[in-house]
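The next block holds one structure in the form of structure tokens; read it before the comments.
There are 2 protein chains.
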Amino acid sequence: MIKKTYLKRTEFKKEDISVSGETVKFIALGGLEEIGRNMMLFEYGDEIIIIDAGLQFPEETTPGIDFIIPNVSYLEKNKKKIKALIITHGHYDHIGAIPYIIEKIGNPTIYATSITKEIIARRQEEFPNAPKLDFEIIKAGESRQLSKNFTVRFFGVTHNIPEGVGMVLETPIGKIVHPGEFKFDYDIDGNAKDLDIWENLGKQKIHTLLLDSTGAEEPGFSVSERIVERELEKLFKKAEGRIIVGTFASLLDRIAEIIKIADRLGKKVAVSGSSMKTNIQIARNLGYMKVEKDAIVPLEEIGKYRDDKILILCTGAQGEPNAQMMKIANGEHRYIQIKKGDTVVLSSSVIPGNERSVQILKDDLSRQGALIYHYKMVDIHSSGHAPQEELKSVMKMVKPNFFIPIHGYYFMRWRNASLAQEALKLKPEETPIVDNGQVLLLSKNSVKISEETVPTYYVMVDGLGVGDVGEVVLRDRRVLAQEGMVVIIATIDRRTGQFLKNPDIISRGFIYLKENKEFVEELRKKIKQIIARIPRAQQIESDYLKSLMRDQVGEFLYRKTKRRPMVLPVIIEV
Amino acid sequence: MIKKTYLKRTEFKKEDISVSGETVKFIALGGLEEIGRNMMLFEYGDEIIIIDAGLQFPEETTPGIDFIIPNVSYLEKNKKKIKALIITHGHYDHIGAIPYIIEKIGNPTIYATSITKEIIARRQEEFPNAPKLDFEIIKAGESRQLSKNFTVRFFGVTHNIPEGVGMVLETPIGKIVHPGEFKFDYDIDGNAKDLDIWENLGKQKIHTLLLDSTGAEEPGFSVSERIVERELEKLFKKAEGRIIVGTFASLLDRIAEIIKIADRLGKKVAVSGSSMKTNIQIARNLGYMKVEKDAIVPLEEIGKYRDDKILILCTGAQGEPNAQMMKIANGEHRYIQIKKGDTVVLSSSVIPGNERSVQILKDDLSRQGALIYHYKMVDIHSSGHAPQEELKSVMKMVKPNFFIPIHGYYFMRWRNASLAQEALKLKPEETPIVDNGQVLLLSKNSVKISEETVPTYYVMVDGLGVGDVGEVVLRDRRVLAQEGMVVIIATIDRRTGQFLKNPDIISRGFIYLKENKEFVEELRKKIKQIIARIPRAQQIESDYLKSLMRDQVGEFLYRKTKRRPMVLPVIIEV
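Residue numbers (my numbering), protein chains in the order written: chain A, 2 to 575; chain B, 2 to 575.
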């Protein structure tokens, strides 16, 4: 149903550019054809520096999968070269693959800020057999000599989780800037703050700038978090009953701010959802969330307070099936049942693909009497990703010679490259749109996509299995979901070739056999005909018989129903 | 995964309202808890008037289904009462169920405008065994006595298909206004046109106003189609190569305008997609599209013209798998391959649920060198559904005593009811939010939801089957999609209770057995253990054995993989 085409990749002629002298290789193992699964590397001689190791959430085309992680086979082969794994921030699309891949790539030192380190370490505990990690804690403003040829200097960026960092990577061919994920931070008057970071970079002769493309289709500037806070405070003041705020557990800055506002308004906060609890605990331990001890109360005690003194923070504003908000909506939450007068605030955007789930969430909550506010009604969410005008401002301040759009689908990266061509007066060949697995060669005066590629096919995590669900299994799941299946079991006497009993038919997801007995009888007759019609000699070749059954029964079913269930013939010779 | 709760329905106390004297029943068979499947009826004594008979497109929870139609069992039982089926306009969510239900409800007279009639009649031809339809052609401004107690007067509304009508239904309890689906039409200066229709209704003492809720979450006013036309013309002028416009085949007004603009700019139009061709033909035949004979050229002749003289109109701007635009993007279209310099214009919004498909469409087209424009970049689409300010204006002009929000999910209808409470100073009990199948009793001075309900469960169309796919089949499809299935076939000697051969194992969508031989051997061993462990007497009860196998094998598989495939045991006794 959904098909990727890679008919033409970048458009410029490769032979036009001569790569002279030393080259640094840039390779993305994920993140360049999707949102998530971010993992990229820079390679020079026998040294490799990795940035991020994230996971990707499943898609419509990968039913039943838990998530998708980067393919690290290239790194496994070159694990001796790996000098560092740098993590830009603590979101799962940047850290989530670590437990699965870290051992395979030789357990390199992980460079991360305190809070990022803490989030990674906590998650690692969920994997009992995963190795102990080797961390090097870093701070914005610090530098590290990662290897003979790579030095890194970190700078702080505003995202929606504390301590996100960007970096300047000093390499033999020049300085490469990777700002991680960021947006502008605005003061209460709407002035962008901390622009000097970018202006300073602009004085350093930057060779290449990499920029996140997630916001590249969005016009204008970010909604300021100050506005979000103001609007949230207004809603909280207006609420006459309990307030239930749904947001991402990872939006730690937002969560901290909500707790602060609640405290200011004399409301107790109760937290529902273990990921959110863990994150709040980490932030409090590290001093990122300065709240009074009694500001947060246990969920089971909310009944002790007046309704207008309670704010519940929970996960699941996307309508995720097992998250807390969905449990509340379904009436399955242990401590929270919606009642008339509750105010529900969905403080997150809707991730593409979740629109229907969020609609159902809103329907179910409002049906039960809750007053609902979401980001399309009031400014109670702001994305963490710089939109067009902020991207262009950064480009103009940093003034790189080359530009690589990263993170996001092709069209988003194409838009980002277009913005760079416009803002920096660069030619298309100076803003290459590289796909996962392509090797970009950066030399002092040029960049060039090599003919070489590295494997980046999906590695899927499903239950305990990592990589054991492949395209065959997924294709079967998709077919089964569409039209179901029919198993036909023919028990045949080995000597006579005769049926020992009536063919058994099992079907799931096709039609309800119990209500279609006549149809089943017709099908049985058809099966007997098929077997009767072929000579005894060929019956022995059960593969031939099976394929004949598959085709003819399939055709029969299609003629009768215009559906094509999966047909699975089994021949039992006794 | 997605669950509907109906914990509380409308909130007001039913016993507070006494329904006195004569009552008209209002019942929706579809359209009140979804987008689509619109079908409602008014009943008085032994007379029933039906409005619309639409289909709903499948959802995430109904995999493999072609579409969902209204449940007409209530009408089947009361078919003698049916006096008319009125169709408001020719979109599939208003006409699509006709071929499936018309015979069941006694083939009543269909009241429709010329173009609506033509669209219905053409579709009916695709169903060879469907009966000939009995039409009564109506025009805006005309009245019809439908039965002893029901008279209808039609008025024209602006939607995005020609000849949409709304109606005033005169009933024994008063006048009910159902405007169909509409938005305001604006002149080039942005002034709303034809408001006198609504103002006239306001002079007629309207008992109840029904309004579409599809736009009730959208703030403000519609983007004027004049702006859409201006923006499209700008893009068309700017394009240096071919132009490919993707839109809905049903947006006939837009299509007519695009052809007009192309003609004005000296470009030939080629049409790709049979539904679009049919609709254009109908519109031309009826004089709704006045284009020069040679303005439209056959698709196979586009090569004869210079690239900048060609505009291709096609379906599939939503990334629908088999539509023309997807074929173009996949490189599978017979006549159109994308080349650098092509401009692709997606003149439609994204229907919730299609976001990922549209992203893939944009990626694939832009990867091949097309310049892409969509509605988030420029105003090249306008919805056909009145947003909040237009809804409120209509409410204020019509001034009804009661208000019923129709068409759309609960939250949308709740919003619409809130707008009415605000605009008309109505109480919640005067703006009832009715669900599908609930019976609303309208009397002269009050409205009341009855305890009575009529069946409205999904009737699903899948291939040739109508209604034969039920919840059991769908649940199986969903399970199969998530974790696949394992069929276990144990062939046992009837006399000895011993295995006649190794258990056969077939699996699809679970793990790839060919690559997991060891696992299969373990599983076989497990199955033999289960059978060996139970006494011979119980083996005979094959149901008991089966359920034991299902449980224990299921548990074994979960322990090994943390997945729960469907386990289907088959015991063959020979």
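Quick reminder that beta carbons are idealized off the backbone N, C-alpha and C, glycines included. Nothing here was measured: the structure is a model prediction, and the numbers come from that model.
Spell out the partners DSSP gives residue i in its beta bridges.
i               : result
G157 of chain B : B:V166
Y374 of chain A : A:V346
E137 of chain B : B:Y112
G466 of chain B : B:D463
I407 of chain A : A:D213
Q146 of chain B : B:T152
F68 of chain B  : B:V462
K449 of chain B : B:L442
F43 of chain B  : B:F27, B:I50
E574 of chain A : A:I493
I262 of chain B : Paired residues: none, contrary to the question.
Could you check which residue in the options has the C-alpha nearest to that of residue i?
i               : options                        : result
M461 of chain B : B:K26, B:P64, B:F27, B:G46     : B:P64
R285 of chain A : A:K261, A:S367, A:R265         : A:K261
A250 of chain A : A:R227, A:S276, A:I228, A:L233 : A:S276
V455 of chain A : A:W199, A:E44, A:E119          : A:E44
A588 of chain B : B:Q325, B:E321, B:L266, B:Y289 : Nothing can be reported for residue 588 of chain B, as the shown portion of chain B is limited to 2 through 575.
F155 of chain B : B:Q146, B:K140, B:N161         : B:K140
V480 of chain A : A:D309, A:L30, A:T62, A:A424   : A:T62
I83 of chain B  : B:N130, B:L147, B:E522, B:H92  : B:L147
N280 of chain B : B:S447, B:G510, B:R123         : B:R123
R255 of chain A : A:I228, A:V568, A:I339         : A:I228
S74 of chain B  : B:I405, B:L362, B:I103         : B:I103
H386 of chain B : B:H208, B:G221, B:G471         : B:G221
P433 of chain B : B:T117, B:L210, B:I572         : B:L210
S144 of chain B : B:G167, B:Q125, B:G320         : B:G167
R564 of chain B : B:I512, B:I207, B:Q205, B:H92  : B:I512
K268 of chain A : A:Y374, A:V298, A:I283         : A:V298
Quick check: the Cα distance between residue i and residue j, rounded to an integer number of angstroms?
i               : j               : result
I245 of chain A : V270 of chain A : 10 Å
K105 of chain B : E77 of chain B  : 6 Å
T492 of chain B : A491 of chain A : 12 Å
S444 of chain B : L212 of chain B : 19 Å
N201 of chain B : A418 of chain B : 23 Å
K328 of chain B : G37 of chain B  : 26 Å
N517 of chain B : S508 of chain B : 11 Å
K238 of chain A : R307 of chain A : 15 Å
P195 of chain A : H90 of chain B  : Note on residue identity: the sequence assigns Asp, not Pro, to residue 195 of chain A. Approximately 56 Å between the Cα atoms of the pair.
H179 of chain A : H382 of chain B : 37 Å
L514 of chain A : M567 of chain B : 17 Å
E16 of chain B  : V440 of chain B : In this predicted model, E16 of chain B has a pLDDT of only 40, less than 50, meaning its place in the structure is not dependable enough to derive any value.
R560 of chain B : R368 of chain A : 40 Å
E356 of chain A : L569 of chain B : 35 Å
A324 of chain A : S223 of chain B : 36 Å
V575 of chain B : V470 of chain B : 34 Å
E182 of chain A : L170 of chain A : 16 Å
I66 of chain B  : Q319 of chain B : 18 Å
K81 of chain B  : E137 of chain B : 19 Å
For residue i, is the classification buried or exposed, using 16 other Cβ atoms within 10 angstroms of its Cβ as the cut-off for buried?
i               : result
S348 of chain A : buried
A257 of chain A : buried
L465 of chain A : exposed
S273 of chain A : buried
N437 of chain A : buried
Y376 of chain B : buried
Y458 of chain B : exposed
D53 of chain B  : buried
D364 of chain B : buried
(request) Go through the region 411-447 of chain A residue by residue and report every complete run of the beta strand (DSSP E) that reaches 3 residues or more, in order. (result) 439-444
(request) Note down, one range per segment and in chain order, each alpha helix (DSSP H) of at least 4 residues found wholly within the region 266-297 of chain A. (result) 275-286
(request) Taking only runs that begin and end inside the region 463-507 of chain B, name each unbroken alpha helix (DSSP H) of 4 or more residues, in chain order. (result) 472-484
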